[in-house]
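Novice:
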Amino acid sequence: MWKYTEEQNRTNLVSGVRRGLSRTVQGDKYAFITSTAVQHRRYEQLCHLQVVGQKFFTYGFALLFPKGSVYKDEISWEILYLRQEGYLEMLEKQWLTGSGEDICSDKRQTTEDTGVLGAESFMGLFMFLAAGVGIGMVIQLVEVSWFNARGNKRKHDVVRSVSMRVHLTEVLLSGKETTTL
8 MWKYTEEQNR TNLVSGVRRG LSRTVQGDKY AFITSTAVQH RRYEQLCHLQ VVGQKFFTYG
68 FALLFPKGSV YKDEISWEIL YLRQEGYLEM LEKQWLTGSG EDICSDKRQT TEDTGVLGAE
128 SFMGLFMFLA AGVGIGMVIQ LVEVSWFNAR GNKRKHDVVR SVSMRVHLTE VLLSGKETTT
188 L
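Now the structure itself:
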């Protein structure tokens with residue numbers, strides 16, 4: 008990807024963040040990609056720019072514990088709770104991407120994603136599974152009905168065949184000739 012970018016147009020590459028921001032503000036056909044959340048705070052305050060999508064390639068932080076630590080599980084649960092309640096997102100917004108106040112006009116549109124999926128996110132999947140189960144039940148009902156209908160016909164054919172054999176055996180044993188079977 009880098010080789011392609013370098014070969015296509017070397018003038019699209021900039022020497023730093025300030026130069027990238029100024030080129031973005033000046034030109035219609037220029038997009039600036041940066042790598043840190045702290046930079047978001049700087050260019051979100053420029054009302055001429057719009058941040059599209061989420062940050063990607065964000066850096067995570069970790070807490071290290073010795074093996075068998077008694078605090079590991081308790082702290083893991085607390086971190087999950089803080090994330091679910093939105094506290095971690097609030098802290099990130101406050102310290103990494105600004106105070107959350109929009110200094111530009113109300114026309115700016117922002118979408119936020121906490122990274123937590125709710126039950127409504129899976130509604131399509133549940134509907135698809137329910138439809139599959141319903142179709143499967145209908146097919147099973149048709150198969151059972153078909154089998155029972157063919158099974159009764161076969162029973163009738165077997166009974167008729169056995170009765171014909173019995174009748175034929177009686178005729179042969181009695182020595183009488185008959186034209187009806």
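So the number in the numbering used here is just where the residue sits in the sequence shown, counting from 1, plus 7.
Backbone N, C-alpha and C fix where the C-beta goes; we use that ideal spot for every residue, glycine too.
#1: In the DSSP assignment, the alpha helix (DSSP H) including residue 24 goes from what residue to what residue?
#2: Over what stretch of residues does the alpha helix (DSSP H) that includes residue 88 continue unbroken?
#3: Can you give the Cα-Cα distance for residue 181 and residue 164, rounded to whole angstroms?
#4: Would you report the Cα separation of residue 86 and residue 148, rounded to the nearest angstrom?
#5: Taking only the alpha-carbon atoms, compute the straight-line gap between residue 155 and residue 144 and give it to the nearest angstrom.
#6: Taking the straight line between their C-alpha atoms, what separation do you get for residue 84 and residue 21?
#7: Return helix, strand or coil for residue 21, following the three-state DSSP convention.
#8: With a 10 Å radius around its C-beta and 16 neighbouring C-beta atoms as the bar for buried, classify residue 118 as buried or exposed.
#9: If you draw a straight line from the alpha carbon of residue 24 to that of residue 80, how long is it in whole angstroms?
Specialist: So, to answer that:
#1: 24–33
#2: 79–92
#3: 26 angstroms
#4: 50 angstroms
#5: 16 angstroms
#6: 44 angstroms
#7: coil
#8: With a pLDDT of only 46 at residue 118, under 50, the local geometry of the prediction cannot be trusted, and no value is derived from it.
#9: Each residue's Cα considered, the two are about 41 angstroms apart.
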